[in-house]
Amino acid sequence: MNKVVQKALHTRLHAGSEEAYDRLHAEVPADLAAALVEAGVRDWRIWRNGRDVFHVVDVDDYNRMRDVLRDHPANIAWQAAVTPLQSTPDDYSGDDDGLPFVWSLSSQLKGPE
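Residues 1 to 113 in the UniProt record's numbering are what the sequence shown lists, from first letter to last.
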């Protein structure tokens, strides 16, 4: 079994698109959910504070996930719906690696390995 990694992401919405973003994410399309699982995503959680959106993704391999989703028809359709709401869209073409990790309570308590 692969070790699951967590990636934290940040996106920002255009002013006034917060409610539309929440409605869009009330339940993502089944084909997108299946594509995420196919790409190795174990879980994807989203929090929003005003226009700032924070994501935590549990995934087998983040870079592979992005490669799989880049041209996946379900993700292309999803990006067409969500991108107009974002002021920081992602076209999956770059080498994004999420937000830099800073600190973990459990890691500190566990001590050096």
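Think of the CB as a built atom: it goes at the ideal place given N, C-alpha and C, for glycine as much as any other residue. No experiment lies behind these values; they were computed from the predicted model shown.
Item, Value
"Once DSSP output is grouped into helix, strand and coil, what is the label at A99?", "It should be pointed out that residue 99 corresponds to Leu in this sequence rather than to Ala. DSSP places L99 in coil when its eight states are reduced to three."
"Could you tell me which whole beta strand (DSSP E) segments of length 3 or greater appear in the stretch 5-66?", "5-12, 41-49, 52-59"
"Buried or exposed: which applies to E82, given that a residue is buried once 16 or more other Cβ atoms fall within 10 Å of its Cβ?", "In the sequence on display, residue 82 carries Val and not Glu. V82 is buried by the Cβ-count criterion."
"Tell me which same chain residues have a C-beta within less than 6 angstroms of the C-beta of H72, skipping the five on either side of it?", "A35"
"Does the stretch 55-66 come close enough to the stretch 23-32 that 3 or more CB-CB pairs lie under 8 angstroms?", "no"
"Could you name the residues of the same chain whose beta carbon sits closer than 8 angstroms to that of L69, not counting the 5 residues immediately before and after it, in chain order?", "A35, L36, A39, N75, Y92"
"Roughly how many whole angstroms lie between the Cα atoms of G16 and V102?", "31 angstroms"
"Taking the alpha-carbon of H10 as reference, which of H25, E18, R48, E19 has the nearest alpha-carbon?", "R48"
"With a threshold of 16 other CB atoms inside 10 Å of the CB of R64, please say whether the residue is buried or exposed.", "exposed"
"In terms of DSSP beta bridges, what is Q79 paired with?", "Answer is none; Q79 lacks a bridge partner."
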